[in-house]
Structures are given as C-alpha cells and as structure tokens.
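Take the sequence shown: its letters are residues -24 to -1, 1 to 131, numbered as in mature numbering (1 follows the signal peptide of the UniProt record, and there is no 0). Note that the Cβ used here is the ideal one computed from N, Cα and C, for glycine as well. In what follows, a structure is listed as structure tokens, so that the remarks can point back to it.
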Amino acid sequence: IRPLSYRAADVFLLAFSLLSRASYENISKKANFFAIPELIHYAPTVPIVLVGTKLDLIEDRNYLIDHPEITPITTSQGEELKKAIGVAVYIECSSKTQQNVKVVFDAAIKVVLQPPNQRKKGRQATKNCNIIGYKYVKIIQLKANLFIGYKYVKT
C-alpha cells in the first residue's frame, strides 16, 4: 500500500537522528536494499533529500556530557552517506530550535525545480512540475523514527 502514495510525491525526505547510530545505519544499510530501490522503482523521477535531525542536541555540550554513551553522527559522515546512497542534498536541522528547518524545505523545493540535466544520472525531472503553493503536507512513514517523504498538494 505504501507505493501507492509515491506517485503524487514531488520530493522525498529521508531523515535520521544525528544522535542515533542505529537511525543512521537504518538509512545507510536499509536504504540501499529497501527504501532507495523502492523509491526509484515506483517514483523514478522524484528527487530525495537526506536530513539529519536533532542538531540542537549535537551542539549542546551539557547533553553530550550527560549522555557519554552517545557518539553523534558528524557532518562528514552525513555527507558520506549522501554520496553512498546517491541523494540530491544533505542538511542537518533541529525541529526544536527550528535551526535549518526552512533550509530543508527550501532545498526540497529547489531539487524539485531543477532542470533534468542537473539531476543525478538515472533520475529525470517530473513533467509539469509547477510548485507555487501547497494546501498541506502529508508525512509518509516507514517506521516510527524514519520518515521518507512529503506529499505536496497544489493550492
């Protein structure tokens, strides 16, 4: 039933927690075997943006001191993951402080509006893609901590 929602999507956001090695590995391991091939099969023209969440806690020294068992995911690791799974953009953000949240959505809009010759090979532009305004955003969930996309509906 999940693939039925892919057709109307303009962009997918793959998100992981910057504080959770398991969340990062879900993207790095499962994305290559499950999520990315599924998205490419059912929505080959839809770009993907990789998002690292909980940036506020990465920058909070007290939190990291209080939780020594946590080994945060670095920006360079996020960039490596972006290259490994072949997605368009990687951005770190915090929903709590709103840091870079607008950047995530701006990047999502930008990759949708890019001409086809600027996209990664194997992916094509969506026909008649005029993004002006949206009525609502719907989250498509795979697992509790892994959402993969937003469905934009024109107003």
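{"Check": "Count Cβ pairs between the segment 10 to 24 and the segment 69 to 83 that sit closer than 8 Å; are there 3 or more?", "Outcome": "no"}
{"Check": "Taking the alpha-carbon of L57 as reference, which of A(-16), L(-11), Y(-19) has the nearest alpha-carbon?", "Outcome": "L(-11)"}
{"Check": "Which first and last residues belong to the alpha helix (DSSP H) in which L33 is found?", "Outcome": "31 to 34"}
{"Check": "Identify, in the order they occur along the chain, each residue of the same chain with its Cβ nearer than 7 Å to the Cβ of T50, setting aside the five sequence neighbours on each side.", "Outcome": "none"}
{"Check": "Using only alpha-carbon positions, find the residue among K5, E14, S(-5) that is nearest to Y(-19).", "Outcome": "E14"}
{"Check": "Could you spell out where the alpha helix (DSSP H) holding I49 opens and where it closes?", "Outcome": "Neither: I49 is in no alpha helix (DSSP H) and is coded neither H nor E."}
{"Check": "Might you give, ordered along the chain, the residues of its own chain that have their beta carbon closer than 7 Å to the beta carbon of L(-21), omitting 5 neighbours on each side?", "Outcome": "none"}
{"Check": "Please state the DSSP three-state secondary structure of Y(-19).", "Outcome": "coil"}
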